[in-house]
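Using the numbering used here, you'd call the opening residue of the sequence shown number 65 and step up by one each time.
See below for the structure under consideration.
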Amino acid sequence: MANRISVVVSQGQSENPAKRNLEESLITNLMMEPGIDVTVVPHLYDLKPDGTGMLALKGLSGNIVVLSWLFERAAHWTLDRNGIHGQVGQVELKNEAEDQSDPEEDPEADSKTETKERLVDSRVKPNRHIYCLDLRVSNKADDFISEVRRIQKERSVKIVPLGIGSAAPNQDTASSPTDEQLQRYENPTNDTALPLNGNGLQDNPISATNQDQPAMVYRVEEQGGRRWYPVIDYSRCTNCMECIDFCLFGVYGVDKVDSILVEQPDNCRKGCPACSRVCPENAIIFPQHKTPAIAGSPEVGASLKIDLSKLFGAPDDGKSAEEIAALERDEQLMAVGREAVGMKAEPTKRRSNAKPQERDELDSLVDELDDLDL
Ligand code: SF4
Ligand code: SF4
65 MANRISVVVS QGQSENPAKR NLEESLITNL MMEPGIDVTV VPHLYDLKPD
115 GTGMLALKGL SGNIVVLSWL FERAAHWTLD RNGIHGQVGQ VELKNEAEDQ
165 SDPEEDPEAD SKTETKERLV DSRVKPNRHI YCLDLRVSNK ADDFISEVRR
215 IQKERSVKIV PLGIGSAAPN QDTASSPTDE QLQRYENPTN DTALPLNGNG
265 LQDNPISATN QDQPAMVYRV EEQGGRRWYP VIDYSRCTNC MECIDFCLFG
315 VYGVDKVDSI LVEQPDNCRK GCPACSRVCP ENAIIFPQHK TPAIAGSPEV
365 GASLKIDLSK LFGAPDDGKS AEEIAALERD EQLMAVGREA VGMKAEPTKR
415 RSNAKPQERD ELDSLVDELD DLDL
C-alpha cells in the first residue's frame, strides 16, 4: 500500500512562463501519482502568517515535500517561523555547488560547529520530516517527480488514525495498528469515526481515506504583495543576540524562554540585508536577496572564520562586513528621517550571555497562539 504524503508547490512571484510551465507540469504529473496530495500556494515567503495559505499548510499532517523557488534552508525556516515544524529531510536532488558544500569534506569546519549549542538543540524534536526542494535545480518535472517518489518510499510508514496505535499523531514512530483495528476504522459501525488527518482537523480539504487514490489538488489563492523580512536558521543560531542589538527597527524580539525570534517581520526595511552580515553564525537569511549566501545558499557554513564580505555581496573596497552593514543600516535610518549612527551603534552584547532554555511543547503552543495574534 502506498503511503500518502503531502506535496506543496509554492509558485514563483513573477509570471515567468518557464517557471509557470514547470509548476503546472509538476502539478499535472503529481496528480497521476498514487498516495499524494498536492497543495498549491502562492510564493511561500510572501504568505501572511494568518492568511489562507499558511492556514492550509498548518493543516497538513505527516511528512511534507515542499517545492519552491527558494533555497532549501530558506524554505524550511520560513515554514518553521510560521509554526510548521519538522526535521530537515535530506534531499538528493540539489545543485552541484550544494553537493560540494558537504561539511564532511571540511573536517575543520565541522569540528568548529559541533562545539556550539544551537537553538534547535533546545527545542522539542518534531515528529515529522519536511523535505524542501529548490525548483531552480532542474527544469525537468521528471527529476522532481522521481525525488518525490524516492522520499515517499523512504518515509514508508503507514498513516495511523488518531487514537489507534499511538496516543499522539507521530507518523514516524507510531506502532502499526492491527488488521482488526484498521478494518474497524475503514468500516466504522457508527458515525463518530475520527479523521485520518493526524491533527484531527476534520475540514482539511486534502485528507483522503484511500491511500492508493490519485492525488487531490488543493489550490490556495491569497492576495498580497511581496514581503521582506529575515528568517532565522535555528540549526545555526546560537542565541548570541547580536542581531537584536544591531537592528534599530524593532524587528527582533525574544520569546518566553529568551530565544531570539523575528517578532515584527514587516518592520524590516525592504532591501536591507544588514543584520545578515553581522550574524556570526550566518544564520540570518533573506530569501529574496540576490546574493546566494544571504538568500540561504548552503555554500557558507556556520562559524567559518573567513572574510565573508565578498561572499555576502559587499563591494570590493576594503570594507569589512560590519562596516558595510553599518552603512546599510544608516541608509535605512536616513530613509525614514532618523539620524545615521554609523559604527557607534555596534552590537552591545547586552544579551550575549543568554543561554537557550529548554523549550517544552507548551512553550511552542503558546508561541503559535502568539503568532495568531488573537
Ligand atoms: S546574530 Fe541573531 S540569528 Fe545570528 S546567531 Fe546571534 S542570535 Fe542567532
Ligand atoms: S535587515 Fe535591517 S531592518 Fe531588517 S532586520 Fe536586519 S537590520 Fe533590521
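All residues carry an ideal CB built from backbone N, CA and C; glycine is no exception.
Do residue j and residue i count as a contact pair if the criterion is CB distance below 7 Å?
i: ALA138; j: GLY360; result: yes
i: GLU87; j: GLN77; result: no
i: LEU183; j: CYS301; result: yes
i: VAL130; j: VAL212; result: no
i: GLY117; j: GLU386; result: no
i: ARG192; j: ASN127; result: yes
i: ILE324; j: ASN303; result: yes
i: ARG283; j: VAL104; result: yes
i: PRO337; j: ILE358; result: yes
i: ALA389; j: ARG341; result: yes
i: SER132; j: ALA205; result: no
i: CYS307; j: TYR316; result: yes
i: VAL281; j: VAL102; result: yes
i: ASN93; j: ILE209; result: yes
i: VAL201; j: ASN159; result: yes
i: PRO190; j: GLY150; result: yes
Grab me the residues of residue i's own chain with a C-beta within less than 8 Å of its C-beta, minus the 5 sequence neighbours each way, in chain order.
i: THR142; result: LEU108, TYR109, LEU134, VAL295 and PRO351
i: GLU169; result: The pLDDT assigned to GLU169 is 45, lower than 50, so where the model puts this residue is not dependable; a value taken from the coordinates is nonetheless given after this. Closer than 8 Å at Cβ, skipping near neighbours: no residue.
i: LEU397; result: LEU312, GLU403, ALA404 and VAL405
i: MET407; result: GLU386, GLU387 and ALA390
i: GLY115; result: GLU286 and GLY288
i: HIS353; result: PRO337, SER340, ALA359 and GLY377
i: ASN203; result: ALA82 and LEU86
i: SER416; result: Residue confidence for SER416 is low, a pLDDT of 46 falling below 50, so the modelled location carries little weight; the figure read from the coordinates is stated next. So the qualifying residues of the chain are CYS304, MET305 and GLU306.
i: GLY382; result: none
Would you list the residues sitting across from residue i in a DSSP beta bridge?
i: HIS193; result: GLN151
i: GLY317; result: LEU325
i: SER74; result: VAL105
i: VAL295; result: ILE349
i: ILE69; result: ILE100
On the DSSP letters alone, give me the boundaries of the alpha helix (DSSP H) that residue i sits inside.
i: VAL284; result: Note, VAL284: premise wrong, no alpha helix (DSSP H); not H, not E.
i: LEU131; result: Looking at the DSSP string, LEU131 is not in any alpha helix (DSSP H); the run it does join, the beta strand (DSSP E), is 128-132.
i: CYS307; result: 306-310
i: GLN216; result: 205-218
i: ASP144; result: 136-145
i: GLN352; result: Element bounds for GLN352: n/a, residue is neither H nor E.
i: SER202; result: No alpha helix (DSSP H) holds SER202; DSSP gives it neither H nor E.
i: MET398; result: 385-399
i: VAL188; result: It is not in any alpha helix (DSSP H) - VAL188 carries neither H nor E in the DSSP assignment.
i: ALA404; result: Here ALA404 belongs to no alpha helix (DSSP H), and DSSP marks it neither H nor E.
i: LEU124; result: LEU124 -> no alpha helix (DSSP H), and no H or E assigned at all.
i: CYS339; result: 338-342
For residue i, which residues from the same chain have a beta carbon less than 6 Å from its beta carbon, with the 5 sequence-adjacent residues on both sides left out?
i: LEU121; result: ILE148
i: LEU391; result: none
i: LYS83; result: GLY76
i: ASP185; result: none
i: ARG393; result: ALA338
i: ASN80; result: none
i: ARG291; result: ASP110
What residues in its chain sit with their C-beta under 7 Å from that of residue i, if we drop five residues either side in the sequence?
i: ASP297; result: ARG137, TRP141, ALA347 and ILE349
i: ASP207; result: LEU157
i: ARG248; result: Interpretation of ARG248 is limited by its pLDDT of 49, a score under 50 that renders its predicted location unreliable; no figure is taken from the coordinates.
i: ARG219; result: ASN67, ILE69, ASN127 and HIS193
i: CYS343; result: GLU306 and CYS307
i: ILE91; result: VAL73, VAL102, VAL104 and VAL281
Quick check: is any heavy atom of ligand 3 less than 6 Å from the C-beta of residue i?
i: PRO294; result: You won't find ligand 3 in this model; what it holds is ligand 1 and ligand 2.
Cβ contact (3+ pairs, closer than 8 Å) linking the region 192-207 and the region 300-316: The answer is no - the region 300-316 does not touch the region 192-207, with fewer than three Cβ pairs under 8 Å.
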